[in-house]
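Below: the structure, in structure tokens.
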Amino acid sequence: MFDFIKWFLLIFGGLWIIWFFTGGPNRNISKDGLFIKQPDAPGEKWYLYNKNYPILDEIFKEDGNITNDTGEIREEFEQAQEIAGISFYNDKIFLREGNTYGSTAEEEYLIIESSLNNKDRINLTGWTLQSTISGQSIKIEKAVYLPQMYSVNYQEAIFLSPGEKAYITTGRSPIGTSFRTNLCTGYFEQFQNFDPSLDRECPRPEDEPGFITTGPNALNDACIDYVEGISKCSIVNESLPLDMQYECSQYINTKINYKTCVENHKNEKDFYRPEWRIFLNRNEKIWKEKREIIKLLDINGKVIDTVSY
395 MFDFIKWFLL IFGGLWIIWF FTGGPNRNIS KDGLFIKQPD APGEKWYLYN KNYPILDEIF
455 KEDGNITNDT GEIREEFEQA QEIAGISFYN DKIFLREGNT YGSTAEEEYL IIESSLNNKD
515 RINLTGWTLQ STISGQSIKI EKAVYLPQMY SVNYQEAIFL SPGEKAYITT GRSPIGTSFR
575 TNLCTGYFEQ FQNFDPSLDR ECPRPEDEPG FITTGPNALN DACIDYVEGI SKCSIVNESL
635 PLDMQYECSQ YINTKINYKT CVENHKNEKD FYRPEWRIFL NRNEKIWKEK REIIKLLDIN
695 GKVIDTVSY
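And the structure:
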């Protein structure tokens, strides 16, 4: 028993001497309180690892004799982060809860967002969504950059630029493919149901090229009135008046549609929208409605972000 007490006092005394000669109570770090960083409020997301280590900077400034070890210690922290399974993209891409309460696979979706602070596009293709609770997982496949009607649509990798987002829907695509939205994709919403709904922001029919209202080839007033009453992103699927001007009926039947909208505007700077619609082609829902934890994994299986509800 005496030997144990003797060794305890020697170790404690040695630690006290080291503490005293490295600054003791005069070191700023000794005045910082119990926590290196104030913990988050209850209910907020906790991050296990952070790429910034301000406490290390303070130590290195005060203890000049270990300044040369800064790079080595930082490298060890980053290696620990890698070993823990944290992805390089964990502060660049965010996973959001979208609608996990829908009654069908077509209504169920998550949202992946690219940080505005990113400098480059990031490829999502090959990443995986995985439920920690059920163990179910599914991979994100390719998509169509510019969907075409009545023609072959070529699949390519999905890249998110800074500030862009992708809606990841569990069900099948109403048009048969995943795609990037554009100025004209609101036409798809007329006869199909998307969740969430596609923006219907197409140019108005009367503002499109070919709608002539002046000069010798101008369309008549009855035609102009009719076309001005057509909603944006809508084709006319009703019988036209029998006395309608021939040129007017031709314009309505052949020029007010998705295909012509794309031809007229695809080279414009703001044609493509900062949004993708990705479909996982499942017949049934994947995610639980409550008590769920979903991870987004990169192609190496590292955790990018997690959402729980």
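Okay, so the sequence shown: first residue is 395 according to the numbering used here, each after it adds one.
Each residue gets a CB set at the ideal place from its N, CA and C atoms; glycine is no exception.
- Message: Tell me which residues share the same chain as residue 704 and place their Cβ nearer than 7 Å to its Cβ, disregarding the 5 neighbours each side in the sequence.
- Response: The question about residue 704 has no answer, for the chain in this structure spans 395 to 703.
- Message: Looking at the strands, I want to know which residues DSSP matches up with residue 562.
- Response: 504 and 672
- Query: What residues in its chain sit with their C-beta under 7 Å from that of residue 433, if we drop five residues either side in the sequence?
  - Reply: Only weak support is given to the placement of residue 433: the predicted model assigns it a pLDDT of 42, under 50, and the value that follows is read from those uncertain coordinates. None.
- Task: Taking only the alpha-carbon atoms, compute the straight-line gap between residue 744 and residue 544 and give it to the nearest angstrom.
- Result: Lying outside 395 to 703, the shown extent of the chain, residue 744 is not represented and no answer is given.
- Message: Mapping the DSSP letters down to three states, classify residue 656 as helix, strand or coil.
- Response: helix
- DSSP-derived helix/strand/coil call for residue 689: strand
- Residues in its own chain within less than 6 Å of residue 680 by CB, not counting five upstream and five downstream? 530 and 564
- Query: Between the Cα of residue 521 and the Cα atoms of 481, 555 and 511, which residue gives the shortest distance?
  - Reply: 481
- Query: By Cβ distance, which residues of its chain are closer than 8 Å to residue 602, with the 5 residues on each side in sequence left out?
  - Reply: 649, 650, 654, 655 and 658
- Look at the alpha carbon of residue 685 and the alpha carbon of residue 561, and state the distance between them as a whole number of angstroms. 21 Å
- Message: Which same chain residues end up closer than 8 Å to residue 660 when comparing Cβ atoms and leaving out the 5 residues on each side of it in sequence?
- Response: 540 and 576
- Task: Tell me whether residue 484 is buried or exposed, calling it buried when 16 or more other Cβ atoms sit within 10 Å of its Cβ.
- Result: buried
- Write down the C-beta distance between residue 571 and residue 547 rounded to the nearest angstrom, noting that I regard them as a contact closer than 8 Å. 5 Å
- Taking the Cβ atom as the reference point for each residue, do residue 690 and residue 532 lie within a distance shorter than 8 Å? no
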